[in-house]
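Colleague: Let me give you the structure first, and then I'll get to my questions.
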Amino acid sequence: MTLARVFPRKTNATPEDEYAFVGLPPAILPEDITEIHISTAFTYDIEEAERLYGAWSKIAPCSIGGPATGQRGEDFVPGKYLKQGYVITSRGCDGSCWFCVIPKREGSVRELPVREGRNVLDDNLLACSESHIRAVFKMLERQKKQKHRTFFTGGLEAARIQEWHIELLKKLRPKEIFFGCDTEEKFHHLREALKLFKEAEYTSRNTLHAYVLIGYPKDTLQDAEKRLERVKALEVCPMAMLYRDVSGFVKEPIADWKRLQRLWARPALIYRKL
Ligand code: SF4
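Right under this line is the structure:
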């Protein structure tokens, strides 16, 4: 069986091998494709995934799946639905953040076999057992020995940060660590976590970032900007994430929200301000 994977849009994480495609089928295709999966990461791409299904299902048996369809993630296979280098070592979370679909889709945290990769995208790595977390850092140390920089772009939950995590991070020296900072409570946890980093003399060298959700119902441009500035004042680089509902709807005035998001999603510019 030769599986082709199709993606409605290209992102930094989209695989680039000869059986990975973005959009409609190209004029020339490998002849040995026997099955097609359309992988949809964002709910607002479901309509496009259905359009692609119409075209790709003429080539081979085809199905639509991926996180946007509510499908639970399987065991992680490097390079299959994410580009080589990205890695998922656990799925799920017991949290109850109002904007997050992960607990509903994936259920409680479950540990997966630790595959090789350098950019960790787990839903909530720090909710895993100590032995699992240590195994992930061991794998990342191997990556570092092969001269690969490491990243935690999936985000670490600041509320769970403990001294031993910081010791592991100090040794690994990742290029980027992201935290979530979407609510008052999370801001408090981020501030507390930073105290631990300081006590451990962890010099961040522009490695600490925080996702800040903006543009959700009842949010205002002024409030959103204040939250971003507040994170910046902690000397953490804020990364604005624009809230969209399931249909992809962005709050009005759309142009202003998009401008604000772009302004706070450029680390080089923000570091200059820092
Ligand atoms: S802690 Fe993270 S993964 Fe868990 S519910 Fe909140 S945002 Fe989602």
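Using my numbering, the letters of the sequence shown correspond one by one to residues 269 to 542. Cβ coordinates follow ideal geometry from the N, Cα and C atoms, glycine included.
Pick out every residue whose C-beta is nearer than 6 Å to a heavy atom of the ligand SF4: which are they, in chain order?
Modeller: Listed by chain position, these are Cys361, Gly363, Cys365, Cys368, Ile370, Pro371, Asp391, Asn392, Glu425, Gly448.
Colleague: On the three-pair Cβ rule with 8 Å, is the segment 432-446 touching the segment 409-421?
Modeller: Verdict: yes, contact present.
Colleague: What is the DSSP secondary structure of Leu560, counted as helix, strand or coil?
Modeller: A question about residue 560 goes unanswered here, because the residues of the chain that appear run from 269 up to 542.
Colleague: Could you have a look at Glu503 and say whether DSSP puts it in helix, strand or coil?
Modeller: Counting from 1 along the sequence shown, the entry for residue 503 is found at position 235. In this structure, Glu503 counts as coil in the three-state DSSP scheme.
Colleague: Can you give me the C-alpha to C-alpha distance between Tyr470 and Pro371, rounded to a whole angstrom?
Modeller: For the purposes of this step, residue 470 is taken as residue 202 along the sequence shown, with counting starting at 1. For the purposes of this step, residue 371 is taken as residue 103 along the sequence shown, with counting starting at 1. Answer to the nearest angstrom: the Cα atoms are 32 Å apart.
Colleague: Should Glu379 be labelled buried (16 or more other beta-carbon atoms within 10 Å of its own) or exposed?
Modeller: Locating residue 379 in the sequence shown gives position 111, where the first residue counts as 1. That one is buried.
Colleague: Give me the Cα-Cα distance between Glu299 and Val290, rounded to the nearest whole angstrom.
Modeller: As a working note, residue 299 is residue 31 in the sequence shown. As a working note, residue 290 is residue 22 in the sequence shown. Approximately 18 Å between the Cα atoms of the pair.
Colleague: Tell me the start and end of each unbroken beta strand (DSSP E) in the segment 277-351 that is at least 3 residues and wholly inside, in chain order.
Modeller: Those beta strand (DSSP E) runs which fall completely within the segment 277-351 and span 3+ residues are 288-290, 303-307, 330-333.
Colleague: Please go through the segment 441-467 and give each complete beta strand (DSSP E) segment of 3 or more residues, from N-terminal end onward.
Modeller: Counting only runs of 3 or more, we get 444-448.
Colleague: Round the Cβ separation of Leu440 and Leu464 to the nearest angstrom and send it over; I've been treating them as touching at under 8 Å.
Modeller: Working through the sequence shown from its first residue, we reach residue 440 at position 172. Working through the sequence shown from its first residue, we reach residue 464 at position 196. The pair is not a contact, with the Cβ atoms about 16 Å apart (cut-off 8 Å).
Colleague: Are Leu476 and Ala426 touching if we call contact CB-CB under 8 Å?
Modeller: The sequence position of residue 476 within the sequence shown is 208, counting from 1. The sequence position of residue 426 within the sequence shown is 158, counting from 1. Going by C-beta atoms, Leu476 is not nearer than 8 Å to Ala426.
Colleague: Which of the three DSSP states is assigned to Tyr354 in this structure?
Modeller: Numbered from 1 along the sequence shown, position 86 holds the residue referred to as residue 354. Strand.
Colleague: Of all the alpha helix (DSSP H) runs that stay within the bounds of the segment 380-410, which reach a length of 4 or more residues?
Modeller: Runs found: none.
Colleague: Less than 7 Å between C-beta atoms, sequence neighbours within five positions excluded: which residues of the same chain meet that for Pro276?
Modeller: The residue given as residue 276 occupies position 8 in the sequence shown. Excluding positions up to five away in sequence, the list reads Thr308, Asp313, Glu316, Ala317, Leu320.
Colleague: What are the residues that DSSP puts in a beta bridge with Ala477?
Modeller: Here residue 477 is taken as the residue at index 209 of the sequence shown, counted from 1. Note that residue 477 corresponds to His in the displayed sequence, not to Ala. Note: His477 sits in a beta bridge opposite Phe446, Cys505.
Colleague: Which of the three DSSP states, helix, strand or coil, is assigned to Arg273?
Modeller: The residue labelled residue 273 in the question sits at position 5 within the sequence shown. The answer is strand: DSSP assigns Arg273 an E or B state.
Colleague: Answer yes or no: the CB of Leu481 versus the heavy atoms of the ligand COA, is any distance below 7 Å?
Modeller: With respect to the ligand COA, the structure offers nothing, as its ligand set consists of the ligand SF4.
Colleague: Check whether the segment 472-487 touches the segment 503-515, counting contact only when three or more Cβ pairs, one atom from each stretch, lie closer than 8 Å.
Modeller: Judged by Cβ distances under 8 Å, the segment 472-487 makes contact with the segment 503-515, as three or more pairs qualify.
Colleague: Leaving aside the five residues before and after Lys412 along the sequence, list all residues of the same chain whose C-beta is less than 7 Å from its C-beta, in chain order.
Modeller: Sequence index remark: in the sequence shown, residue 412 carries index 144 (1-based). Thr418, Leu440, listed in sequence order.
Colleague: Checking 8 Å against the spacing of the C-beta atoms, do Lys348 and Arg273 come in under that value?
Modeller: Taking the first residue of the sequence shown as position 1, residue 348 is located at position 80. Taking the first residue of the sequence shown as position 1, residue 273 is located at position 5. The answer is yes: Cβ separation under 8 Å.
Colleague: Alpha carbon to alpha carbon, what distance is there between Ala468 and Glu435?
Modeller: The residue labelled residue 435 in the question sits at position 167 within the sequence shown. The residue labelled residue 468 in the question sits at position 200 within the sequence shown. So the alpha carbons of these two residues sit roughly 8 Å apart.
Colleague: Given this structure, state the Cα-to-Cα distance separating Glu342 from Tyr539, to the nearest angstrom.
Modeller: Your numbering for residue 342 matches position 74 in the sequence shown. Your numbering for residue 539 matches position 271 in the sequence shown. For Glu342 and Tyr539, the distance between alpha carbons rounds to 37 Å.
Colleague: Within the continuous alpha helix (DSSP H) that includes Gln529, where are the two ends?
Modeller: Here the question's residue 529 lines up with position 261 in the sequence shown. Its alpha helix (DSSP H) spans residues 522-531.
Colleague: Beta-carbon separation of Glu493 and Leu528 under 8 Å?
Modeller: Within the sequence shown, numbered from 1, the residue matching residue 493 stands at position 225. Within the sequence shown, numbered from 1, the residue matching residue 528 stands at position 260. For Glu493 and Leu528, yes; Cβs fall inside 8 Å.
Colleague: Grouping DSSP H, G and I as helix and E and B as strand, with all else coil, what is Arg378?
Modeller: By 1-based counting over the sequence shown, the position of residue 378 is 110. Residue state, collapsed to three classes: strand.
Colleague: On the DSSP bridge assignment, give the partners of Ile482 in chain order.
Modeller: Taking the first residue of the sequence shown as position 1, residue 482 is located at position 214. Beta-bridge pairing links Ile482 to Leu510.
Colleague: Which value, in whole angstroms, describes the spacing of the CA atoms of Thr282 and Gly353?
Modeller: For the purposes of this step, residue 282 is taken as the residue at position 14 of the sequence shown. For the purposes of this step, residue 353 is taken as the residue at position 85 of the sequence shown. When rounded, the distance between both Cα atoms is 11 Å.
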